[in-house]
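Before any comments, here is the structure.
Numbering (UniProt numbering), first residue to last: 1 to 197.
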């Protein structure tokens, strides 16, 4: 029962204040506030929300395309940028909203890099979308992500340009029987790096 939960939380908050446990009192106050907001959201969205964590509540709002409401909770509860970006990327990918994901990636510089964009696209089997974010992947991770996309020749070329024989060996290990030509090319690159030519 929501009223019971709310009254118990308010009682706990008073006890924390009396005992001068200010942090606990503030956290409990936030929980009471979230509970009230969830009740209001439940009426608006006709979806069970009461009792969910802040993370689950924001995720539900994002999945329902209630961006404004999610942003309000984000700012009110000071959700860190990194956490919010991850959640937003996951929700857009889960909904297969690839156009919105691309728009979001361009809204401002990603505080978590662009690797999560590639990861989430791959998670939902969209290699074409994943490739869009490759140019923005950090240089030291390019080989790994090119290999994940089965772009072995390109991965080998980047590893060779970085003069990284370990990365070349990694790409070589990804080669299957049908990648014989690429494997031969990589072996040549490794030999070239060893001899310094």
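Every residue gets a Cβ at the ideal spot worked out from N, C-alpha and C, and that includes glycine.
Environment of residue i [buried if 16+ CB atoms lie within 10 Å]
i           : result
residue 155 : buried
residue 139 : exposed
residue 26  : exposed
residue 33  : exposed
residue 56  : exposed
Candidates the options, of which the one nearest residue i by Cα
i           : options              : result
residue 87  : 108, 152 and 117     : 117
residue 84  : 96, 98, 54 and 192   : 54
residue 124 : 141, 98 and 161      : 98
residue 161 : 115, 63, 195 and 143 : 143
residue 36  : 7, 60, 190 and 188   : 7
residue 66  : 41, 52, 179 and 19   : 41
residue 169 : 180, 177 and 190     : 190
residue 64  : 52, 82, 45 and 81    : 45
residue 96  : 112, 111, 126 and 68 : 126
residue 194 : 179, 163 and 180     : 163
Beta-carbon proximity list for residue i, same chain, < 6 Å, skipping 5 on both sides
i           : result
residue 182 : 152, 153 and 175
residue 146 : 154 and 155
Residue i CB to nearest heavy atom of the ligand HEM below 8 Å
i           : result
residue 147 : In terms of ligand content, the structure shown is empty, and the ligand HEM therefore cannot be addressed.
Close Cβ partners of residue i (< 7 Å) along its chain, the five nearest in sequence each way excluded
i           : result
residue 100 : 92
residue 24  : 16
residue 62  : 70, 87, 88 and 91
residue 113 : 138
Cutoff 8 Å; reference residue i; Cβ partners in own chain excluding five residues on either side
i           : result
residue 122 : 130, 148 and 149
residue 198 : The question about residue 198 has no answer, for the chain in this structure spans 1 to 197.
Unbroken alpha helix (DSSP H) runs of length 4 or more, entirely within the segment 61-126: which are they? 67-76, 81-94, 98-107 and 115-123
Whether or not the segment 62-77 and the segment 107-117 are in contact is what I'm after, with contact meaning three or more pairs of Cβ atoms, one per stretch, closer than 8 Å; do they touch? no
Every unbroken alpha helix (DSSP H) inside the segment 128-172 [4 residues or more]: 142-148 and 152-161
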